[in-house]
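So in numbering that gives the first Met the number 0, spot 109 of the sequence shown is number 108, and the numbers just go up one at a time.
The beta-carbon is built from N, C-alpha and C at its ideal position, and this holds for glycine as well.
This one's a predicted model, so the numbers in the text were calculated from it and none came from an experiment.
Notes to accompany the following structure.
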Amino acid sequence: MKALPVEPTNAPVAIGVRIRSARQARHLTIEQVAAATGLTKGFLSRVERDLTSPSVASLLTLCQVLSISIGDLFAAPETNVTRWADAPRISLGGEGIVERLVTARTERRVQVVRSVVAPGGSGEADLYSVDCEVEVLHVAQGSFELILGSERIELTTGDTVTFPGREPHSWHNPSDEEAIVLWTLVSPGGS
């Protein structure tokens with residue numbers, strides 16, 4: 000098999016923002032990283048702003064201190080785009096509702112469902128729960144009522160409610176206008 004001739008590029012690889020993000024995720028200051036690596040604060044600051052490139056030895060030391068692999072700095076981020084026309088219709092139950100999964104089908108950490116609820120549309124008569132850690136309901140348009148046990152929470156455009164995913168609940172569109180709601184389901188370990 001013949002190798003494809005790929006022209007090298009002189010475009011610099013921007014790793015500084017990933018280094019800064021890793022440092023901040025570990026709640027470390029530049030001073031702490033400088034002390035742990037033996038590199039100067041000024042040098043680290045320039046690296047994080049992509050104004051200079053570290054040597055391989057400095058990069059190895061920096062990655063060890065930040066507990067990241069060198070490959071993570073250069074890997075393209077996993078990005079999935081779901082076009083509205085391609086968003087699969089799903090059915091989580093209820094009457095007068097059209098639901099589409101707007102996150103990638105393969106995404107297991109978090110799922111977002113966009114629901115269009117007809118006037119008077121409602122969820123199951125019996126309360127139900129979803130197998131997720133956290134559930135977030137955002138009303139993008141209209142009025143919506145979330146039923147949690149004996150509590151009824153009235154929501155309107157722009158309102159958001161967060162509750163445990165395994166909490167028994169149901170819902171209802173009490174108005175004579177369509178409601179559009181976004182359900183975000185966060186899986187265990189996905190937050």
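query	result
Residue nearest to P87 in terms of C-alpha spacing, selected from G93, V112 and R108	V112
Inter-stretch contact (C-beta, 8 Å, three-pair minimum) for the segment 125–139 and the segment 54–71	no
Helix, strand or coil at R244 according to DSSP, with G and I counted as helix	Since the first and last residues shown for the chain are 0 and 190, residue 244 lies out of range.
Segments of 3+ residues assigned as beta strand (DSSP E) that fall wholly inside the segment 18–86	none
I67 versus E166 - alpha carbon distance	37 Å
Proximal residues to S44 (C-beta, below 7 Å), its chain only, five neighbours per side dropped	I29
Segment limits, beta strand (DSSP E) that includes G122	It is not in any beta strand (DSSP E) - G122 carries neither H nor E in the DSSP assignment.
Rounded distance between the beta-carbons of V185 and V133, thought under 8 Å	4 Å
S121 beta carbon less than 8 Å from that of A178	no
Whole-angstrom distance between D49 and E123, CA atom to CA atom	54 Å
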